[in-house]
Amino acid sequence: VCIIHVFEVQDLKLATLATVSCYGMVWFSEDILTLDMVFDHFILRLKSIPIAEGDEGLRGGGAPPARRPSLLHNMQ
Numbered sequence: 001v002c003i004i005h006v007f008e009v010q011d012l013k014l015a016t017l018a019t020v021s022c023y024g025m026v027w028f029s030e031d032i033l034t035l036d037m038v039f040d041h042f043i044l045r046l047k048s049i050p051i052a053e054g055d056e057g058l059r060g061g062g063a064p065p066a067r068r069p070s071l072l073h074n075m076q
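Those letters in the sequence shown? Residues 1 to 76, per UniProt numbering, in order.
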């Protein structure tokens, strides 16, 4: 079983070196990675996810849509 935890933090004020090392944390300040950059990347990734013809899940009817890889997984 593979479990992935994702935590979003405001800053690393309370993080110890052991925490950063153990969890493989990566942190970017807003002056390095802007929200515009994050949204642009998200939209580009979203465009690359195919939508099957006749996918009823998008219209709210019929059977639930097939499970697709999450965007977060694709961004890595």
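Beta carbons are placed, not taken as given, at the ideal position from N, Cα and C, and that holds for glycine.
Which of helix, strand or coil DSSP assigns to residue i
i, result
"histidine 5", "coil"
"phenylalanine 42", "helix"
"threonine 19", "helix"
"leucine 35", "helix"
"isoleucine 13", "Reading the sequence as shown, one finds lysine at residue 13 and not isoleucine. In the structure shown, lysine 13 sits in coil (DSSP, three-state: anything other than H, G, I, E or B)."
Cβ pair residue i, residue j closer than 8 angstroms
i, j, result
"serine 18", "methionine 25", "Inspection of the sequence shows that residue 18 is occupied by alanine rather than by serine. Cβ distance not < 8 angstroms, so alanine 18 and methionine 25 don't count as in contact."
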